[in-house]
Amino acid sequence: AQKVTQAQTEISVVEKEDVTLDCVYETRDTTYYLFWYKQPPSGELVFLIRRNSFDEQNEISGRYSWNFQKSTSSFNFTITASQVVDSAVYFCALSEAGGRAGNNRKLIWGLGTSLAVNP
Amino acid sequence: DAGVTQSPTHLIKTRGQQVTLRCSPKSGHDTVSWYQQALGQGPQFIFQYYEEEERQRGNFPDRFSGHQFPNYSSELNVNALLLGDSALYLCASSDGLSGNTIYFGEGSWLTVV
């Protein structure tokens, strides 16, 4: 069975600090996708990144970076020099890859990490 | 390029009533999925529609039903509402062929009293 664990329920940091959000996943599939989404208080889930299980290169996008380690089944997310606007709930999610047309795999979600960045 | 749009954004219903939520997928997307997100929880998959058919279903009772129209828009219907149905209902759209990135709407906040 697939499962995503985000062990950190809440994190509070002061602006400009670096913060890492942890994500550990379980799957028997050899091919899968991992996602990170940001959910501000308005409720909309904002896509941040999708990573294919075959691509273990770390990725950086501005102040955001992701560390994918297949050996430990982890896909951690780091925000460098955090800002107040980064305050939100962050979700890690997992889905199978492939499948026939019209059978996109559902997303399996962690419980989310609530990040508060204080001025 | 319009993203995923949902309506209504907020609504209050009485226990036992029925509700219909609507979703228009992102331009170019033909697959719509619905998720339920209770307060403090991650989203839970309800079902997915492609080519006007329900293709996958999560662990939700038959009170939850849906429909997809020829223009790819979708409706989620919930009958005999329970207090526990109070949640944020999220619509997600994707490309059925490639299964690429899944985009979400802002959701519909349903309160059952």
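As you go down the protein sequences, you meet chains Z and F in turn. So the first sequence is residues 3 to 121, counted in the numbering used here. So the second sequence is residues 132 to 244, counted in the numbering used here. Every residue, glycine too, gets a C-beta built ideally from N, C-alpha and C.
Hey, residue i and residue j: beta-carbon distance below 7 Å or not?
i                            : j                            : result
serine 97 of chain Z         : alanine 118 of chain Z       : no
valine 209 of chain F        : phenylalanine 195 of chain F : yes
histidine 141 of chain F     : tryptophan 240 of chain F    : yes
serine 75 of chain Z         : valine 26 of chain Z         : yes
glutamine 41 of chain Z      : leucine 50 of chain Z        : no
threonine 115 of chain Z     : glutamine 4 of chain Z       : no
phenylalanine 235 of chain F : leucine 221 of chain F       : yes
threonine 151 of chain F     : glutamate 206 of chain F     : yes
phenylalanine 77 of chain Z  : glutamate 58 of chain Z      : no
lysine 157 of chain F        : glycine 134 of chain F       : yes
Pull up the DSSP beta-bridge partners for residue i, would you.
i                            : result
phenylalanine 195 of chain F : F:Val209
histidine 141 of chain F     : F:Trp240
threonine 151 of chain F     : F:Asn208
asparagine 69 of chain Z     : Z:Asn78
valine 15 of chain Z         : Z:Val119
Less than 8 Å between C-beta atoms, sequence neighbours within five positions excluded: which residues of the same chain meet that for residue i?
i                           : result
glycine 112 of chain Z      : Val6, Thr7, Gln8, Cys25, Phe93, Cys94 and Ala95
isoleucine 233 of chain F   : Ser164, Ala223, Ser224 and Ser225
phenylalanine 56 of chain Z : Thr33
arginine 146 of chain F     : Leu212, Leu213, Leu214, Val243 and Val244
glycine 189 of chain F      : Gln175, Phe176, Ile177 and Phe178
isoleucine 13 of chain Z    : Val21, Leu23, Thr115, Ser116, Leu117 and Ala118
Whose C-beta lies closer than 6 Å to the C-beta of residue i among residues of the same chain, with five residues either side of it excluded?
i                           : result
glutamine 179 of chain F    : Ser164, Arg186 and Gln187
leucine 219 of chain F      : Gln168, Gly238 and Trp240
serine 138 of chain F       : Arg153
serine 155 of chain F       : Thr136 and Ser204
serine 67 of chain Z        : Thr80
glutamate 61 of chain Z     : Trp68
phenylalanine 37 of chain Z : Arg52 and Ala95
Can you confirm whether residue i, when its beta carbon is compared against all beta carbons of chain C, has any partner nearer than 7 Å?
i                        : result
glutamine 167 of chain F : Included in the structure are the protein chains Z and F, with no chain C among them.
Can you find a heavy atom of the ligand GDP that lies under 6 Å from the Cβ of residue i?
i                           : result
phenylalanine 49 of chain Z : This structure lacks the ligand GDP, and indeed carries no ligand of any kind.
For this session: Taking a Cβ distance cut-off of 8 Å, strictly less, list which residues of the stretch 69-91 of chain Z are near chain F, in chain order.
Result: none
Exercise. Given a limit of 9 Å on CB to CB distance, which residues of the stretch 30-50 of chain Z reach chain F?
Worked result: Tyr35, Phe37, Tyr39, Gln41, Ser44, Gly45, Glu46, Leu47, Val48 and Phe49
Problem set entry | Three or more C-beta pairs below 8 Å linking the stretch 10-30 of chain Z and the stretch 69-88 of chain Z | yes
Problem set entry | chain Z contacts from the stretch 200-217 of chain F (Cβ-Cβ distance under 8 Å) | For the stretch 200-217 of chain F, which is checked against every Cβ of chain Z, not one residue is closer than 8 Å.
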